[in-house]
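S.K.:
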Amino acid sequence: MKNYLCILLRSQFTFWYRFGYIQLHSSQMMPFEGKITSKEKINIFKEFLNIPFEYDEEYLVFHIVAQSGFEKQNIDIQQIKAIYPLTENARLSISQKIDPRIQLSMPFFNHVEIEKLERELDKKERKKAISMLWSLCDIEVSYEPYLDRLGIENLDKAIERRFARQKPNEIYRGNYLDYLYAYDRTEYYEPTKLGYFQDTIAILTFYFCFKQENKEDFSPEKIAQITANSEVFKCLSTVPKEDRNSFKLIFNFIKKQEKYIEKSKIDGFDFYVITPIFLFLKGEMIGNNDLSKTSLMDSNKIREMKKYKENFYFAVILFAYFFGYKYIYDQYYFSRKLSIFTSAEEENITESLNDDDFVFLGSPGGNNESPIGTKKTRKVKEEAGERKELIEKYIADQIANNKRFEIPFSEIKKKLELCGFKSRLSDEELKGYYPDATIDRKKNKKYLCFTQRTLALQ
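Following the working numbering, the numbering of the sequence shown begins with 29 at its first residue and continues without gaps.
1) Is the stretch 248 to 266 close to the stretch 329 to 344, with three or more CB pairs under 8 Å?
2) On the DSSP bridge list, what partners appear for Leu36?
3) Counting only the same chain and skipping the five closest in sequence on each side, list residues whose C-beta sits under 6 Å from that of Ala118.
4) Measure the alpha-carbon distance for Thr466 versus Phe308 and round it to whole angstroms.
5) Where does Ser292 land, buried or exposed, given buried means 16+ other C-beta within 10 angstroms?
6) Are the stretch 212 to 232 and the stretch 175 to 185 touching, with three or more C-beta to C-beta distances below 8 Å?
7) Who pairs with His53 in a beta bridge, going by DSSP?
8) Would you call Phe347 buried or exposed, if buried means 16 or more other Cβ atoms sit within 10 Å of its Cβ?
9) In the DSSP assignment, what are the bridge partners of Leu476?
10) CA-CA distance, Leu418 and Ser438?
11) Find out if the Cβ-Cβ distance for the pair Gly352, Ala157 is shorter than 7 Å.
12) By how many angstroms is the C-alpha of Phe369 removed from the C-alpha of Phe297?
13) Closest to Met134 by C-alpha separation, out of Lys125, Asp150 and Leu114, would be which residue?
14) Determine the DSSP secondary structure at Ile305, reduced to helix, strand or coil.
15) Compute the distance between the beta-carbons of Ala186 and Leu205, then report whether it is under 7 Å.
16) Between the Cα of Phe90 and those of Leu37, Phe81, Lys74 and Glu82, spot the shortest distance and give me the residue it belongs to.
17) Does the Cβ-Cβ distance between Leu453 and Ile440 come in under 7 Å?
18) Alpha carbon to alpha carbon, how far is Lys239 from Glu153?
Structure, rendered in structure tokens:
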């Protein structure tokens, strides 16, 4: 019998303890001499870099003894020699959830080591987010050269400052990206796209003020004053009101500010272009908490943004790295139509619910005795009047309370299903209820769309 270390989910240990054995593959078992040294810590650390990880209490490291030479084998509960939680916090938490007779060994990692692991995994996820968003935006060139120019180290440092809740006025002689990621609007700026250009001037002001070798006391109030008194900021106030929601028209105006453009070209980047695009997309994401509702998923809007070429590419990388994988994967899975997703045509629900919710196919009169070979299927309401009333009430609530004038078909279907109706929804059905509305398709999603004129006719 030889000594091995293996990593398992705590839930797997629950089954191991309940049934007395678990089957392990040789690839899960790491041979060692029986004593935890720095070598074992490094090897386990590397293993964690290749498995999904979020919370330290989800995993346990086991010291087991087992026979060698088998591709896979059943490991009896008595073959466990020690159980290592990852951290002290995990040990305290897990000890309250398992049999109190089970003794947990000292934590495998200290807080410095686990923080390093979390940072490495976070970097990996953020880089993956860039790749996914690049694909979603259908950008044909590779993202790697643009990421290399920005510098993964610069992005890492900037996001760490954000995590540490550092404000721009707390960063001395930082990289421009440090100030960009740390920045949140605190002043009243235009509630239009013009406001993002005002933000850009403020960020540049932070960057240049705190770049000076002789550090002065630049409070946020003083930075705001310097920003507001700058020539380009004053010039922005002359942009016609009807042009303030057009990136194209504002950029045409900005291009005339030669001194500002020259100053905002930092390390070869046109930050006077990159920054407002990034801030605009960031604002959309924070406001909607849904990537599908941002301009990045609107084919017409993204076509316009792509005209800014590499400056748009840099903004996409900054956006993806700022928000990370968890804000992007859902839309990515949807767009790739994962084979495990239920298609719109598959409406039968066969999972077990309460008996009162079911009839038995093949059973006369729908009695409660299910003969062998019959299928349990959920009852589905068919009352057309109630269905129409539910749809109209749901859409009215969305318009009145949430000020939404584009209602996704998918959300209407969810509402129908929750209320026991068939979720199949056709264009003809909705057009029958709302003849003056339009049905648009955006990035493989269908929407029922209203205008103010349409609503007046309802």
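C-beta: ideal position from N, C-alpha, C; glycine also.
M.R.: Let's see:
1) no
2) Leu88
3) Asp84 and Glu85
4) 28 Å
5) buried
6) no
7) Lys100
8) buried
9) Ile435 and Ile467
10) 15 Å
11) yes
12) 41 Å
13) Leu114
14) helix
15) yes
16) Leu37
17) yes
18) 31 Å
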